[in-house]
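Residue 2 is where the sequence shown starts when you use the working numbering, and the numbers rise one by one after that. Contents: one structure, followed by commentary.
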Amino acid sequence: MWNISLGESKVLPDEPTEPYVLGEVYREIYYGFGYDSFNNDYKLVRIVQDELSTYDSYSESPPWFSTEVKVYSLKTNSWRSCEQIPNYHFSQNYWGMEYYTFVCGALHWLGTKEIPWWRTSTRELIIAFDVATEKHHPIELPNGMEDKRFRALGAFRGCLCAIIENGFKVYIWVMKDYGVKESWTMMHCLPDQSQSVVYLKLLWYDVKGEEFKDEDFPQHWKEFDYFLCPKAVICTESFVKLC
């Protein structure tokens with residue numbers, strides 16, 4: 002763990018994962034970091050998802066998978082186990098990168114609900130983990146957007162937001178009333194990019210002007226592999242001691 006503001010770092014206690022057989026089980030590990038305001042504590046959440054890679058494709062049961070959740074507390078300097086997250090499959094975006102965001106006291110990842118194998122399409126949703134109660138709950142995406150290509154999650158003025166691609170347009174949706182599906186509001190749409198040679202832009206929000214703006218990436222960035230697209234990360238200053 003590293004506090005950029007203070008220039009301090011801390012090595013966390015080792016917390017081994019359960020052993021697994023490579024080739025038989027496909028394993029993904031997801032992390033999230035957030036502040037528990039109820040207990041005045043900072044927590045690191047680790048989610049280990051194992052999926053059986055050799056299931057019977059003719060079975061009516063979906064591929065077997067299990068999800069182990071453990072939480073590290075900065076206050077106690079220790080790990081503890083939490084309830085599993087059954088029936089939900091965490092997923093990466095199509096660049097193969099893990100995207101999560103912390104907003105409204107919870108960590109959020111993209112995922113899908115467990116479905117039978119014959120379903121060719123999946124309906125995406127958001128898996129939320131409350132860092133205070135250490136419980137999970139699903140959040141549905143806007144109507145009509147569940148089967149579109151998902152880009153990322155983020156926070157917009159204290160609200161959960163989702164960036165979703167539909168065709169050659171990219172939409173930014175904001176959940177104005179947390180947890181209420183009907184409160185999703187489309188805030189911005191990047192124009193049709195179908196004629197662009199390079200489909201990469203930097204999108205940002207002007208707080209003073211209260212408007213979205215987009216800029217082309219520097220010329221030398223345009224030579225990057227499309228699937229290695231960079232991600233902007235916002236750093237919030239903190240003076241919390243790690244020791």
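Even glycine gets a Cβ: it sits at the ideal position worked out from N, Cα and C.
Between the C-alpha atoms of V171 and T77 there is a straight-line separation of about 43 Å. For the set E16, I48, S38 and E19, the Cα lying nearest the Cα of E29 is the one of I48. As computed with DSSP, D15 is found in no beta bridge at all. Comparing alpha-carbon positions, the option among Q50, K177, S79 and I173 lying closest to C105 turns out to be K177. When secondary structure is reduced to three states using DSSP, E183 falls in the helix class. The shortest CA-to-CA distance from Y43 to any of R124, F157 and F34 is the one to F34. With respect to F91, I128 sits close: the two C-beta atoms are nearer than 8 Å. Secondary structure of I48 (DSSP, three-state): strand. Nearest Cα to N144 within the set I165, G159, H138 and D131: I165. The C-beta distance from S79 to K71 rounds to 10 Å, too long to meet the 8 Å contact threshold.
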